[in-house]
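Asker: All the letters of the sequence shown, read from the start, carry residue numbers 1048 to 1120 under our numbering. Just so you know, even glycine gets a beta-carbon here, dropped at the ideal spot from N, CA and C.
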Amino acid sequence: MTLRLGTAGVLRIEVTDARGDRVPRIPDPVEECAESGRGLRLVVAYADRWGVDEAPAHCKTVWAELAPDRVNP
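The following block contains the structure:
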């Protein structure tokens, strides 16, 4: 996991894994008692931008950016 604070105050969060063959997708809504399937939905709900980049050695990096104006004091 990498956290970067950009010049405009944008926080970028990156997670790289070795499963480059598995492109993340937003799953269908999960049932209340489900134990998985919420992670990417949370990212999409809070991020201003997000995406997936190919990384070396058949890896992928999922990233999200959060702008400072979205934070409530």
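So, at 6 Å on beta carbons, what are the nonlocal neighbours of residue 1062 in its own chain, with the 5 sequence-adjacent residues on each side left out?
Answerer: Same-chain partners within the cutoff: 1048 and 1109.
Asker: Could you have a look at residue 1095 and say whether DSSP puts it in helix, strand or coil?
Answerer: Here residue 1095 sits in coil by DSSP.
Asker: Enumerate in chain order the residues of its own chain whose CB-to-CB distance from residue 1111 is below 6 Å, with the five nearest sequence positions on each side excluded.
Answerer: If we look at residue 1111 and ignore the five residues flanking it on each side, its Cβ neighbours are 1060, 1090, 1094 and 1097.
Asker: Beta carbon of residue 1106, beta carbon of residue 1056: below 8 Å?
Answerer: No, Cβ-Cβ distance for residue 1106 and residue 1056 is not below 8 Å.
Asker: Considering only DSSP beta bridges, list what residue 1063 is partnered with.
Answerer: According to DSSP, residue 1063 bridges with 1108.
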